[in-house]
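K.L.:
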Amino acid sequence: MDRKTVSWLLALPLTLGLAVALAAPVAADAKAHDITAEVVSVDLAAAVITIKEEAAEKRTVPVLPSALEELKTVNAGDKVTLTCQDNEKGEHQGVIAIKLAHVAP
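No gaps in the numbering here: position 17 of the sequence shown is 68 in this note's numbering, and each next residue is one more.
#1: Excluding the five sequence neighbours on either side, which residues of its own chain have a C-beta within less than 7 Å of the C-beta of Val114, listed in chain order?
#2: Compute the distance between the beta-carbons of Val125 and Val90, then report whether it is under 8 Å.
#3: Determine which residues share a DSSP beta bridge with Gly145 and list them.
#4: Using CA coordinates, which residue listed in Glu105, Ala83, Glu108 is at the minimum distance from Glu142?
#5: Exposed or buried, Ala118, counting other C-beta atoms within 10 Å across all chains shown (16 or more means buried)?
#6: Taking 7 Å as the cut-off, is the beta-carbon of His153 closer than that to any non-hydrogen atom of the ligand GDP?
#7: Going by C-alpha to C-alpha distance, which of Asp94, Asp53, Leu151 sits closest to Asp129?
#8: Cutting at 6 Å between CB atoms, please list the residues of its own chain near Thr132, excluding the five before and the five after it.
#9: Under DSSP, the beta strand (DSSP E) around Glu120 begins and ends at which residues?
#10: What separation, rounded to the nearest whole angstrom, lies between the Cα atoms of Val93 and Arg110?
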């Protein structure tokens, strides 16, 4: 094999590893927390959900790729538990999971 081929073979795994690391949706030092809220509206095209927590103003939050399929299953009026991803500074990044909340009768 010539040097050029060897260089390509050595560079390929490094390039792929870097691409995978950059595409990872959750950083190693990211934190998550759960909130329970009522769904006000869902916008699949914009990948956002508008919610209202008890005793709080309604707000619209981004839904990250890991929760887009779950976003398709909720409707206005549903009670949900959202798992939200925060960065290392504790700032909200987006919703990473959506589950229907169990409401006591």
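Glycine is no exception: its CB is placed at the ideal position from the N, C-alpha and C atoms.
What you are looking at is a predicted structure, and each value in this text was computed from that prediction instead of being measured.
P.N.:
So, from the data block:
#1: Against the sequence shown, residue 114 aligns to sequence position 63. Contacts found: Ala98, Val99, Ile100, Leu122, Gly145, Val146.
#2: Translated into positions along the sequence shown, residue 125 becomes position 74. Translated into positions along the sequence shown, residue 90 becomes position 39. Against a cut-off of 8 Å, the Cβ pair of Val90 and Val125 comes out as a contact.
#3: One-based indexing of the sequence shown puts residue 145 at position 94. DSSP output for Gly145 lists Gln136 as bridge partner(s).
#4: Numbered from 1 along the sequence shown, position 91 holds the residue referred to as residue 142. The shortest C-alpha separation from Glu142 is found at Ala83.
#5: In the sequence shown, residue 118 corresponds to position 67, counting from 1. Answer is buried; the Cβ neighbour count reaches 16.
#6: Absence of the ligand GDP from the depicted structure is noted, as is the absence of any ligand whatsoever, leaving it without description.
#7: Here residue 129 corresponds to residue number 78 of the sequence shown, with the count starting at 1. It is Leu151.
#8: For this step, residue 132 is matched to residue 81 along the sequence shown. Closer than 6 Å at Cβ, skipping near neighbours: Asp85, Thr87, Lys150, Ala152.
#9: Reading the sequence shown from its first residue, position 69 is the one you call residue 120. From DSSP, Glu120 is part of no beta strand (DSSP E) but of the alpha helix (DSSP H) over 119 to 122.
#10: The residue labelled residue 93 in the question sits at position 42 within the sequence shown. The residue labelled residue 110 in the question sits at position 59 within the sequence shown. Roughly 12 Å separates the two Cα atoms.
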